[in-house]
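Residue numbers (the working numbering): 256 to 435.
Yeah, the Cβ is synthetic: ideal placement off N, Cα and C, and Gly gets one too.
A short worksheet on the structure shown next.
Laid out in structure tokens, this is it:
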């Protein structure tokens, strides 16, 4: 999220694309992205999913909060919740996510350890459109990193993250330009 905020400012998305990061919304009050957003004068909101009776109720409240900002894109960045089909359908074509593997390999969690355990020579990250099926939307961009001898899930994750910080803003900027 921070990389996207910095890219939006540095690459002047407002002037060039008529786009800005309109809001940062989290289900965790302690999320670091909220602090970064406030430092950049971006609207923030917290919706604790634990305060809702169902996943559908939470997603409905989240949609209402997002829609207040009328976004062209809804960019998931560190939001670790499975979204309901109704939520995904509401933002069809405008909802993107990043996943720490070279999709379609290793959907879900623990991707780095799974890549190491399988003996993969390469790992990476994927920016993709979000669909109702977890981690299966159209691939928008990918970055590849080598799996090095002696890698741990943590060391691999750190290398992948450096590429995510480059790739995700690039993919978002490209989408915004195409929508322009």
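Please return the same chain residues whose Cβ sits closer than 7 Å to the Cβ of residue i, not counting the five positions on each side in sequence.
{"i": "residue 406", "result": "371"}
{"i": "residue 343", "result": "350, 385, 386 and 387"}
{"i": "residue 337", "result": "389"}
{"i": "residue 304", "result": "282, 313 and 336"}
Buried or exposed: where does residue i fall if 16 or more other Cβ atoms within 10 Å of its Cβ makes it buried?
{"i": "residue 365", "result": "exposed"}
{"i": "residue 385", "result": "buried"}
{"i": "residue 373", "result": "exposed"}
{"i": "residue 417", "result": "exposed"}
{"i": "residue 259", "result": "buried"}
{"i": "residue 353", "result": "buried"}
{"i": "residue 309", "result": "exposed"}
{"i": "residue 284", "result": "exposed"}
{"i": "residue 290", "result": "exposed"}
Enumerate in chain order the residues of its own chain whose CB-to-CB distance from residue i is below 8 Å, with the five nearest sequence positions on each side excluded.
{"i": "residue 412", "result": "355 and 367"}
Start and end of the alpha helix (DSSP H) containing residue i?
{"i": "residue 418", "result": "408 to 434"}
{"i": "residue 272", "result": "268 to 272"}
By Cβ distance below 6 Å, which residues in the same chain neighbour residue i in space, the five residues on each side in sequence not counted?
{"i": "residue 324", "result": "277 and 278"}
{"i": "residue 408", "result": "367 and 368"}
{"i": "residue 398", "result": "379, 380, 418 and 422"}
If I follow the unbroken beta strand (DSSP E) through residue i, where does it start and stop?
{"i": "residue 297", "result": "Residue 297 -> no beta strand (DSSP E), and no H or E assigned at all."}
{"i": "residue 398", "result": "394 to 401"}
Please go through the segment 315 to 389 and give each complete beta strand (DSSP E) segment of 3 or more residues, from N-terminal end onward.
350 to 354 and 377 to 384
State whether the segment 386 to 405 contacts the segment 349 to 360, with contact taken as three or more CB pairs (one from each stretch) at a distance under 8 Å.
yes
Tell me whether the segment 301 to 315 and the segment 262 to 270 touch, counting them as touching only if at least three CB pairs, one residue from each stretch, are closer than 8 Å.
The segment 262 to 270 and the segment 301 to 315 do not touch, with fewer than three beta-carbon pairs separated by less than 8 Å.
Cβ pair count under 8 Å reaching 3, the segment 293 to 302 against the segment 270 to 283:
Yes, since at least three Cβ pairs between the segment 293 to 302 and the segment 270 to 283 fall closer than 8 Å, the two stretches touch.
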